[in-house]
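One structure is given here, and the rest of the page talks about it.
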Amino acid sequence: TAAAALAGAGQGACRPAFQALTAETVDPDRRQQANAAMTLAVRSSTLAGPALTALLAAVLDVRTLLLGIGLL
426 TAAAALAGAG QGACRPAFQA LTAETVDPDR RQQANAAMTL AVRSSTLAGP
476 ALTALLAAVL DVRTLLLGIG LL
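Quick look at the structure:
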């Protein structure tokens, strides 16, 4: 779908920047742990985000949901 393509393009554009920032700011002996933590965070949010949004959409009205997303 278009949303998946947009998300993939966004991650493709941002991922190298995150990796470069990690390489510059983290000591070499801790870089593997930092990269693993970053990957875990990205994958977890990619999986949990849509499910949490669907749950909130079922519980909240659309206006409140969009306002909450906008405030994030």
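Each position in the sequence shown, counted from 1, maps to that position plus 425 in the working numbering. We put the CB at the ideal spot given by N, CA and C, even for glycine. Treat the numbers as computed from the prediction; the structure is a model and nothing was measured.
I want to know whether the region 472-479 touches the region 448-455 - three or more CB-CB distances under 8 Å. Result no; under three Cβ-Cβ pairs closer than 8 Å.
What are the uninterrupted segments assigned as alpha helix (DSSP H) that are 4 or more residues long and contained completely in the region 441-473, given in chain order? As far as the region 441-473 is concerned, it has no whole alpha helix (DSSP H) run of at least 4 residues.
For T490, the first and last residue of its enclosing alpha helix (DSSP H): Working through the sequence shown from its first residue, we reach residue 490 at position 65. Inspection of the sequence shows that residue 490 is occupied by Leu rather than by Thr. Here the alpha helix (DSSP H) through L490 covers 487-496.
For T426, three-class secondary structure by DSSP: By one-based count along the sequence shown, residue 426 stands at place 1. Coil.
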